[in-house]
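To start, the structure itself, in structure tokens.
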Amino acid sequence: MDDKEYVKLLDRALKDIPEIAAESSDFVIPNAETFSQGNKTILKNIAAIADKARRNLTDISKYLTKELGVPISNDGQQLVINGRFSNDEVNRRIKRYFEVYVICKECKKPDTHLESGGRGVIYLVCEACGARYGINS
Ligand SMILES: [Zn+2]
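First residue of the sequence shown: 2, per our numbering; consecutive thereafter.
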């Protein structure tokens, strides 16, 4: 390999680095899309949020019920929150849900699942780095 060729290869290798880095830190917590309907707040994109979190829609709904302190129903596509909440109020809870129940606190990746440890203890298990820790719910 002559020098020119080597430089060309090096060039290409360097160019590849930022792409790889961008890919691994690509995860963005989805924004809740909400609108109010009378005294209710509709969370339109709960299915997409649940999909991104790889969690059951019902689990997220239960979490929001507890956090917002009002009954919530769902039709499988959207959540109907019994109360008026701003988009920011809902978004903060969604963000928190991801931070606590989805994103691994060791490696910051969302490739995780939850395991029941019995007696109401929930463990977050990371499929990316192998971390396993209890969550206070
Ligand atoms: Zn991890």
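From the three backbone atoms N, C-alpha and C, an ideal C-beta is built for every residue, glycine too.
Simplified DSSP assignment, three categories, for residue i
i	result
residue 63	helix
residue 41	strand
residue 71	coil
residue 128	coil
residue 8	helix
residue 100	helix
residue 170	For residue 170 there is no data in the structure shown, the boundaries of the chain being 2 and 138.
residue 94	helix
Candidates the options, of which the one nearest residue i by Cα
i	options	result
residue 1	60, 85, 79	A query on residue 1 cannot be resolved here, the shown segment of the chain reaching from 2 to 138 and no further.
residue 93	33, 45, 136	33
residue 41	71, 125, 109, 76	71
Interface flag, residue i vs chain C, CB-CB below 9 Å
i	result
residue 6	Included in the structure is just one protein chain, with no chain C present.
Residues bridged to residue i [DSSP beta-bridge criterion]
i	result
residue 80	44, 75
residue 136	123
Q | Touch test, the segment 118-125 against the segment 40-57, Cβ-Cβ under 8 Å, three pairs minimum | A | no
Q: Kindly confirm or deny that the segment 31-40 and the segment 79-98 touch, where touching means at least three C-beta pairs closer than 8 Å.
A: yes
Q: Would you list the residues whose beta-carbon is nearer than 6 Å to any heavy atom of ligand 1, in the order they occur in the chain?
A: 105, 107, 108, 110, 127, 129, 130, 132
Q: State whether the segment 97-113 contacts the segment 125-137, with contact taken as three or more CB pairs (one from each stretch) at a distance under 8 Å.
A: yes
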